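Colleague: Sharing a structure below in structure tokens format, with a few things to ask.
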Amino acid sequence: MKIVMLQEAVEQIELNDARKQQMIRELKKEKKRHGRHGYGLRAAAALAVCIITVGIVSVPVRALVSSLVRERMERIPKEEVERTVEQLDTQNVGGDSYTRPYTEAEKARMEKLYEQYQNGTFPAGEIPQVDSEEEAKAYEFCFLTTASVFYLPADRELTDEEILQKIDFEHKRNYALRERYEEEHAEEIAAQETAEQEEITKAVEAGGVTEEQAVEIAAGYLQKIYGIDGSNMELDHYYDAEAANIIVGQPAYSVNWSDIINHQYYYFFIGMEDGRLLQVTHAGDYVREEFEPARPAIEEAPDKTMQIKEQAAHFLAEKIGIQESYDKIISCYQTTSEEGVSMWIEVLFVKENGEAHLLECGWNGTVMSYSVVTEKDYRNKRELTRKVMTERYTEEYGREVTVENVWN
Numbered sequence: 000m001k002i003v004m005l006q007e008a009v010e011q012i013e014l015n016d017a018r019k020q021q022m023i024r025e026l027k028k029e030k031k032r033h034g035r036h037g038y039g040l041r042a043a044a045a046l047a048v049c050i051i052t053v054g055i056v057s058v059p060v061r062a063l064v065s066s067l068v069r070e071r072m073e074r075i076p077k078e079e080v081e082r083t084v085e086q087l088d089t090q091n092v093g094g095d096s097y098t099r100p101y102t103e104a105e106k107a108r109m110e111k112l113y114e115q116y117q118n119g120t121f122p123a124g125e126i127p128q129v130d131s132e133e134e135a136k137a138y139e140f141c142f143l144t145t146a147s148v149f150y151l152p153a154d155r156e157l158t159d160e161e162i163l164q165k166i167d168f169e170h171k172r173n174y175a176l177r178e179r180y181e182e183e184h185a186e187e188i189a190a191q192e193t194a195e196q197e198e199i200t201k202a203v204e205a206g207g208v209t210e211e212q213a214v215e216i217a218a219g220y221l222q223k224i225y226g227i228d229g230s231n232m233e234l235d236h237y238y239d240a241e242a243a244n245i246i247v248g249q250p251a252y253s254v255n256w257s258d259i260i261n262h263q264y265y266y267f268f269i270g271m272e273d274g275r276l277l278q279v280t281h282a283g284d285y286v287r288e289e290f291e292p293a294r295p296a297i298e299e300a301p302d303k304t305m306q307i308k309e310q311a312a313h314f315l316a317e318k319i320g321i322q323e324s325y326d327k328i329i330s331c332y333q334t335t336s337e338e339g340v341s342m343w344i345e346v347l348f349v350k351e352n353g354e355a356h357l358l359e360c361g362w363n364g365t366v367m368s369y370s371v372v373t374e375k376d377y378r379n380k381r382e383l384t385r386k387v388m389t390e391r392y393t394e395e396y397g398r399e400v401t402v403e404n405v406w407n
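In terms of numbering that gives the first Met the number 0, the numbers along the sequence shown are unbroken and rise by one, the last being 407.
What follows is the structure in structure tokens.
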């Protein structure tokens with residue numbers, strides 16, 4: 000499964016765009032860090048499926064490679080790494096499968112245990128691995144290596160220890176694939192890093208900003224928008240050539256702050272050519288109850304959009320520092336015949352040249368994200384999302400469900 004396919008899969012989940020962007024960005028970041036040309040696509044796919052099916056949205060992918068976990072992986076004997084890669088190579092399947100779905104309680108515990116794992120809570124043992132279905136019968140919980148099947152207990156839930164064993168097992172597989180890729184493609188990776196550095200140097204000489212300057216710019220916005228200075232948070236930053244494919248204008252530096260304990264994450268894209276803020280997203284443990292009371296009925300939504308537009312304009316001017324003339328200001332939200340008005344509404348400030356400032360908001364006025372887009376691209380995206388959600392809802396409800404984009 001390629002990264003673009005993972006992005007398409009994430010786009011089909013009914014999450015607010017801020018969280019979808021978070022997941023997509025982290026998948027791309029993980030690919031960039033550990034193999035720029037397709038390393039461990041199977042591992043990336045497995046990770047995406049885990050995030051999608053288990054619902055681990057508040058924990059970024061990058062948290063899965065914390066320093067404690069990294070140290071643990073680096074202690075794995077080389078022979079074990081080689082065996083793991085050989086096992087993956089011989090599996091003639093596209094990904095993992097399971098003997099039953101996770102229960103809701105298991106999903107909830109798995110999210111908590113992922114966080115504990117990254118902070119150093121590792122399993123006491125390892126998941127049993129067997130080579131045949133006959134051997135698997137002797138265990139309630141094990142992994143069938145030949146078919147890549149996780150056998151889960153039929154009559155009880157997984158214990159915390161068993162969940163930790165599975166998390167650990169998946170990390171070890173991903174690590175083994177990464178090690179193999181980096182060893183086989185060392186020259187290619189080095190060449191790519193050199194090319195990227197040349198791009199940065201060229202841009203800086205032409206008046207662009209350095210990575211260090213981008214961090215300073217992002218820190219200024221972190222303080223201005225959210226009123227925090229990033230202290231006691233994990234800072235990560237790097238050049239992201241793929242940013243130009245996501246947002247308008249130019250390659251960018253990605254600058255991120257992570258408060259893992261409190262599940263708060265702040266993502267910034269700073270344009271390399273001019274230091275402009277191209278995107279900012281705040282992702283975290285948003286409680287549905289914070290937004291649900293403000294969600295209007297279908298007949299009330301058109302009038303409520305005027306208030307949201309005013310709040311978005313205030314945020315754009317006061318928090319981002321953008322006061323420009325606009326050709327038009329439009330909003331878009333989604334309605335369904337089954338669930339009414341969507342939880343989120345987006346406001347687009349469109350300039351004469353078609354470029355626009357996009358703010359994703361809750362109906363209570365909370366701004367979830369800001370990005371630079373074009374009206375054309377945005378409208379195309381909304382229509383694609385409408386079609387995907389129509390298919391998904393229709394399948395889920397077992398009858399035709401109407402999904403519409405409402406523009407004001």
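Just so you know, even glycine gets a beta-carbon here, dropped at the ideal spot from N, CA and C.
Predicted, not measured: the structure shown is a model, and the values here were computed from it.
1) Helix, strand or coil: how does DSSP classify P212 here?
2) When the distance is taken between beta carbons, is L358 closer than 9 Å to V371?
3) Could you give the uninterrupted runs of the alpha helix (DSSP H) lying entirely in the segment 366-402, keeping only those of 4 residues or more?
4) Over the uninterrupted beta strand (DSSP E) stretch that includes E354, give me the two end residues.
5) Would you tell me roughly how many angstroms separate the C-alpha atoms of Y220 and E105, rounded to the nearest one?
6) Rounded to whole angstroms, what's the CA-CA distance from G124 to Q164? Just pull it up for me.
7) According to the Cβ coordinates, are E374 and G353 closer than 9 Å?
8) Using DSSP's beta-bridge definition, name the partner residues of F149.
9) Identify, in the order they occur along the chain, each residue of the same chain with its Cβ nearer than 7 Å to the Cβ of L151, setting aside the five sequence neighbours on each side.
10) For Y252, report the span of its beta strand (DSSP E) as first-last.
11) Residue range of the beta strand (DSSP E) that Y237 falls in?
12) Please classify G219: does DSSP put it in a helix, a strand, or coil?
13) Classify N231 as buried or exposed, calling it buried when 16 or more other Cβ atoms lie within 10 Å of its own Cβ.
14) Which residue from K136, A146 and N173 puts its Cα closest to that of R69?
15) Taking the alpha helix (DSSP H) that T193 belongs to, which residues open and close that run?
16) Which residue's Cα is closest to the Cα of G270: E210, R179, E233 and S257?
17) In its own chain, which residues sit with a C-beta less than 6 Å from the C-beta of V84, not counting the 5 before and 5 after it?
18) Taking C-beta to C-beta, are G320 and K223 nearer than 9 Å?
19) So, at 8 Å on beta carbons, what are the nonlocal neighbours of I328 in its own chain, with the 5 sequence-adjacent residues on each side left out?
20) Roughly how many angstroms lie between the CA atoms of M422 and D159, to the nearest whole one?
21) Curious, which full-length alpha helix (DSSP H) runs of at least 4 residues does the segment 256-340 contain?
22) Just mark N379 as buried or exposed, buried being the case when its beta carbon has 16 or more other beta carbons within 10 Å.
23) Per DSSP, what kind of secondary structure is N91 in: helix, strand or coil?
24) For F121, which residues from the same chain have a beta carbon less than 7 Å from its beta carbon, with the 5 sequence-adjacent residues on both sides left out?
25) CA-CA distance, S330 and A355?
26) From E272 to A194, what distance separates their C-alpha atoms?
27) Name the one or two DSSP bridge partners that Q128 has.
28) Taking the alpha carbon of A296 as the point to measure from, which residue in Y116, Y332, V203 and M388 has its own alpha carbon closest?
29) With the cut-off set at 9 Å, would you say V400 and Y392 are in Cβ contact?
30) Report yes if the CB atom of T335 is closer than 9 Å to the CB atom of E394, and no otherwise.
31) When DSSP builds the beta bridges, which residues end up paired with L347?
32) Whose CA, out of E134, Y265, E299 and Q306, lies closest to the CA of H369?
33) Three-state secondary structure (DSSP) at N407?
34) Pick from M342, W343, E351 and E337: whose alpha carbon is nearest that of T389?
Modeller: Considering the structure as presented:
1) According to the sequence as given, residue 212 is Gln; it is not Pro. Looking at Q212 - three-state DSSP - the assignment turns out to be helix.
2) no
3) 374-396
4) E354 to G361
5) 38 Å
6) 7 Å
7) yes
8) Y97 and F142
9) Y97, T98, R99, F140 and L157
10) A251 to D258
11) E233 to D239
12) helix
13) exposed
14) N173
15) A185 to E204
16) E210
17) A175 and R179
18) yes
19) K308, A312, V346, L347, F348 and V349
20) As shown, the chain starts at 0 and ends at 407. That puts residue 422 outside it, with no answer to give.
21) 287-290 and 300-314
22) exposed
23) coil
24) R71, L163 and D167
25) 12 Å
26) 16 Å
27) F142
28) Y332
29) yes
30) no
31) I329 and L357
32) The sequence given here has Tyr at residue 369, not His. Closest option to Y369, Cα to Cα, is Y265.
33) coil
34) E337
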